[in-house]
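Reminder that position 116 of the sequence shown reads as 1369 in this note's numbering, one-by-one numbering, no gaps.
Structure, as structure tokens:
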Amino acid sequence: MTDAKASSKRIAVAALFSVIVFVSKVALPSPLDKILVIVQALLLSLSSLMLGRLGATYVATIGGLLTQIWRPALFPFSLAFAVAYGLMIDGLFYMFKVKTPGGDIKLGRLVISLILATCTIGVLSMYATVMLGFMPWSPWLYAAVLAGGTVSGALAGYLTPLLWRKYFSKL
């Protein structure tokens, strides 16, 4: 495959995943968008695996820019947390060596990476929105974000290798 064709595929995948991330983010009101992040976690993990270095960051940044257009009142926080989420996934995947040189995936490391990234960004974004007065303080809400992030990260972590092996590893 030529470099131009490979580059076009990468751009098309990134654009498609970014739009899906955006739609999944704005379809839910806050704080549900911070609790139910399985679609984001799944697509960002696939992006990191498919697009290579900073793949999740690239997709998250485009999704964050689209979200900023939809929710301008939360500028620059939506974008900053989207970029941080992508960076965290890419960084943890690299640090934990989720993808082997042969192209296989280490399931346990992937699941831990996604749980850590999802919970951390969820709690930080909730903290920021509460401290800035966008949302009221509620310990139950923090617990729901933490629980939702854990479940979403774990589910995305288990689904990613299935989708990777069946559909995306050949791309």
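Ideal Cβ positions, reconstructed from N, Cα and C, are used throughout, including at glycine.
As the structure is a prediction and not an experimental result, all values here were calculated from the model.
Proximal residues to L1412 (C-beta, below 7 Å), its chain only, five neighbours per side dropped: Against the sequence shown, residue 1412 aligns to sequence position 159. The answer, listed in chain order, is L1295.
Contacting residues, own chain, Cβ-Cβ under 8 Å from K1350 (five flanking each side not counted): The residue given as residue 1350 occupies position 97 in the sequence shown. Excluding sequence neighbours, K1350 sits near K1359 and R1362.
Simplified DSSP state of K1352, which is helix, strand or coil: Walking along the sequence shown from the start, residue 1352 turns up at place 99. Residue state, collapsed to three classes: strand.
Straight-line Cα distance separating V1274 from M1303: As a working mapping, residue 1303 is identified with position 50 in the sequence shown. As a working mapping, residue 1274 is identified with position 21 in the sequence shown. Spanning the alpha carbons of M1303 and V1274 requires a straight line of approximately 16 Å.
Continuous alpha helix (DSSP H) assignments of at least 4 residues falling wholly in the stretch 1298-1325: DSSP runs (the alpha helix (DSSP H)) wholly in the stretch 1298-1325: 1308-1323.
4-residue-minimum alpha helix (DSSP H) runs that sit fully inside the stretch 1271-1298, ordered along the chain: Assignment of alpha helix (DSSP H) within the stretch 1271-1298, counting only whole runs of 4 or more residues, yields 1285-1288 in chain order.
Validate contact between the stretch 1309-1325 and the stretch 1338-1358 using beta carbons, cut 8 Å, 3 pairs: Cβ pair count under 8 Å is three or more, so yes.
Nearest neighbour of V1290, chosen from S1298, L1299, K1278 and S1301 [CA to CA]: Taking the sequence shown and counting its residues from 1, one reaches residue 1290 at position 37. For V1290, the nearest C-alpha among the options comes from K1278.
I1358 - partner residues in DSSP beta bridges: Counting from one through the sequence shown, the residue named residue 1358 turns up at place 105. Beta-bridge pairing by DSSP links I1358 to K1352.
Check: P1354 C-beta below 8 Å from any heavy atom of the ligand MN: By its list of ligands, the structure shown contains no ligand whatsoever, and the ligand MN lies outside what it can speak to.
Exposed unless 16 or more other CB atoms sit within 10 angstroms - verdict on S1261: Mapped onto the sequence shown, residue 1261 falls at position 8. Sixteen is the threshold: since fewer than 16 other Cβ atoms of the shown chains lie within 10 Å of the Cβ of S1261, the residue is exposed.
Rounded Cβ spacing between A1334 and S1366 (contact assumed at less than 8 Å): Here residue 1334 is taken as the residue at index 81 of the sequence shown, counted from 1. Here residue 1366 is taken as the residue at index 113 of the sequence shown, counted from 1. Just to set this straight, residue 1334 is Phe in the shown sequence, not Ala. About 18 Å; that fails the 8 Å criterion.
Nearest neighbour of V1364, chosen from L1415, P1329 and L1319 [CA to CA]: The count along the sequence shown starts at 1 and reaches residue 1364 at position 111. That would be L1415, whose Cα lies nearest to the Cα of V1364.
Backbone secondary structure at K1258 - three-state DSSP: Taking the first residue of the sequence shown as position 1, residue 1258 is located at position 5. Three-state result, K1258: helix.
Endpoints, alpha helix (DSSP H) assigned at P1414: Mapped onto the sequence shown, residue 1414 falls at position 161. Following the DSSP letters along the chain, one finds P1414 inside the alpha helix (DSSP H) bounded by residues P1392 to L1416.
Contact under 9 Å by Cβ, L1319 with S1271: To locate residue 1319, count along the sequence shown from 1; it is residue 66. To locate residue 1271, count along the sequence shown from 1; it is residue 18. In this structure, S1271 lies closer than 9 Å to L1319 by Cβ.
Option nearest L1385 by Cα separation, candidates L1327, F1421 and I1288: Taking the first residue of the sequence shown as position 1, residue 1385 is located at position 132. The shortest C-alpha separation from L1385 is found at L1327.
Buried/exposed call for T1353, threshold 16 Cβ in 10 Å: Stepping through the sequence shown from its first residue, residue 1353 is reached at position 100. When all chains shown are included, T1353 counts as exposed.
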